[in-house]
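A short worksheet on the structure shown next.
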Amino acid sequence: MMLSVSQQFSPTDLLRKMITKRKGSEPTTRDLGDLIIELKGLLSTQRYLIILDDVWVADLWHQYLKHALPDAGNGSRVLMTSRLIKVAQSADSIMKPYELEFLNEEDSCNLLIKKALPCQKPGEKCPNDLYELVTALSTKCKGLPLALIVLGGILSTKDPYPAWENVLKTMDWCYDGEDCINILAMSYEDMPYSSHVFCILLYFPKTMRSLQGI
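If you want this note's numbering, it's the 1-based position in the sequence shown plus 1.
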């Protein structure tokens with residue numbers, strides 16, 4: 002099973018979601034101790050793989066999940082993803098966390114070209130003058146895939162000259178590699194007819210899967 006934890010973390014809600022996914026119905030209790038016992042019972046004879054995405058709480062494992070997820074020596078695994086290295090180190094002080102690296106210059110350019118020029122045929126080379134512009138644009142993304150994909154989406158709606166050059170001129174911020182908020186803002190400003198929808202979405206939790214009645 003896979004669950005998104007996010008910054009709006011509630012141990013009670015997380016355990017309830019895990020129980021619901023396992024048995025197909027919601028638990029009747031909201032007591033944390035009872036939820037731990039119920040989940041442990043459901044998984045005690047099972048081999049499981051649980052993926053917890055976007056974890057921000059360093060003591061999530063030792064304070065809550067360690068007691069609810071039995072280790073029966075049957076190959077069960079818990080995988081956590083996080084932007085914070087301390088989260089992984091806290092969960093397991095022995096095993097070295099696997100850290101994803103940023104893309105190098107070549108891979109960054111290739112990804113940006115793929116997204117910015119979706120009609121380009123496989124193996125077709127980008128013109129030298131355009132490749133230089135792509136290199137300058139991709140450098141601003143510091144190898145972050147999300148930033149490159151979003152930027153590529155922006156560029157795909159514009160002619161390379163002079164629009165791409167104008168985009169490069171607006172990317173004069175000092176990017177620290179932690180997020181791509183500036184590029185996301187550019188993407189937002191580039192969609193005038195639907196931007197108000199994203200303003201509404203800001204009021205909903207990140208973990209909400211779907212919206213109905215809007």
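Every residue, glycine too, gets a C-beta built ideally from N, C-alpha and C.
#### Entry: Own chain partners of residue 77 with C-beta closer than 6 Å, once the 5 adjacent residues on each side are dropped
For the purposes of this step, residue 77 is taken as the residue at position 76 of the sequence shown. Cβ within range, chain order: 48, 49.
### Expected contact under 8 Å - CB spacing of residue 96 and residue 52 to nearest Å
Numbered from its first residue, the sequence shown carries residue 96 at position 95. Numbered from its first residue, the sequence shown carries residue 52 at position 51. That pair is no contact at about 16 Å.
### Query
Grouping DSSP H, G and I as helix and E and B as strand, with all else coil, what is residue 28?
For the purposes of this step, residue 28 is taken as residue 27 along the sequence shown, with counting starting at 1. DSSP places residue 28 in coil when its eight states are reduced to three.
### Query
Where in the segment 8-54 do unbroken runs of the alpha helix (DSSP H), each at least 4 residues long, occur, reported from the N-terminal end onward?
12-24, 33-44
### Message
Using 8 Å for Cβ pairs, my map puts residue 149 next to residue 112. What's the rounded Cβ distance?
### Response
In the sequence shown, counting from the first residue as 1, residue 149 sits at position 148. In the sequence shown, counting from the first residue as 1, residue 112 sits at position 111. Right, the Cβ-Cβ distance comes to about 5 Å (below 8 Å), so this counts as a contact.
### Message
According to DSSP, residue 80 sits in a beta bridge with which residue or residues?
### Response
Your numbering for residue 80 matches position 79 in the sequence shown. For residue 80, which the question treats as bridged, DSSP gives the partners 52.
### Message
Buried or exposed for residue 39, going by 16 or more other Cβ atoms inside 10 Å?
### Response
Taking the first residue of the sequence shown as 1, we reach residue 39 at position 38. Buried, by the Cβ-count rule.
### Task
Would you mind stating whether residue 65 and residue 119 have Cβ atoms separated by less than 8 Å?
If you number the sequence shown from 1, residue 65 lands on position 64. If you number the sequence shown from 1, residue 119 lands on position 118. No. Outside cutoff.
### Message
For residue 63 and residue 92, I'd like the C-alpha separation in whole angstroms.
### Response
Reading the sequence shown from its first residue, position 62 is the one you call residue 63. Reading the sequence shown from its first residue, position 91 is the one you call residue 92. The alpha-carbon atoms of residue 63 and residue 92 are separated by roughly 7 Å.
#### Entry: residue 91, DSSP secondary structure in three states
The residue labelled residue 91 in the question sits at position 90 within the sequence shown. DSSP places residue 91 in helix when its eight states are reduced to three.
### Task
Please list, in chain order, all residues of the same chain as residue 36 whose beta carbon is under 7 Å from its beta carbon, the five residues on each side excluded.
Position 35 of the sequence shown, counted from the first residue, corresponds to residue 36. For residue 36, where only same-chain residues beyond five positions count, the Cβ hits under 7 Å are 13, 16, 17, 20, 28, 30.
### Task
Leaving out five residues on either side along the sequence, give the residues of the same chain with a beta carbon under 8 Å from the beta carbon of residue 157.
As a first step, residue 157 must be located in the sequence shown, where it is residue number 156. The residues are 116, 117, 118, 119.
### Given residue 5 as reference, the closest of 134, 83, 162 once Cα atoms are compared
Residue numbering aside, residue 5 sits at position 4 when the sequence shown is read from its first letter. Comparing Cα positions, the closest option is 83.
### beta strand (DSSP E) segment containing residue 4, residue limits
One-based indexing of the sequence shown puts residue 4 at position 3. First-last of the beta strand (DSSP E) with residue 4: 3-5.
### Assigned exposure category for residue 9 - 16 Cβ within 10 Å defines buried
In the sequence shown, residue 9 corresponds to position 8, counting from 1. Per the 10 Å Cβ criterion, exposed.
### Query
In the structure shown, what three-state DSSP assignment does residue 110 receive?
Walking along the sequence shown from the start, residue 110 turns up at place 109. Residue state, collapsed to three classes: helix.
### Message
Determine whether the beta carbon atoms of residue 131 and residue 161 lie at a separation below 8 Å.
### Response
For the purposes of this step, residue 131 is taken as residue 130 along the sequence shown, with counting starting at 1. For the purposes of this step, residue 161 is taken as residue 160 along the sequence shown, with counting starting at 1. Cβ distance < 8 Å, so residue 131 and residue 161 count as in contact.
### Task
To the nearest angstrom, report how far apart residue 122 and residue 114 are at their CA atoms.
Stepping through the sequence shown from its first residue, residue 122 is reached at position 121. Stepping through the sequence shown from its first residue, residue 114 is reached at position 113. Roughly 11 Å separates the two Cα atoms.
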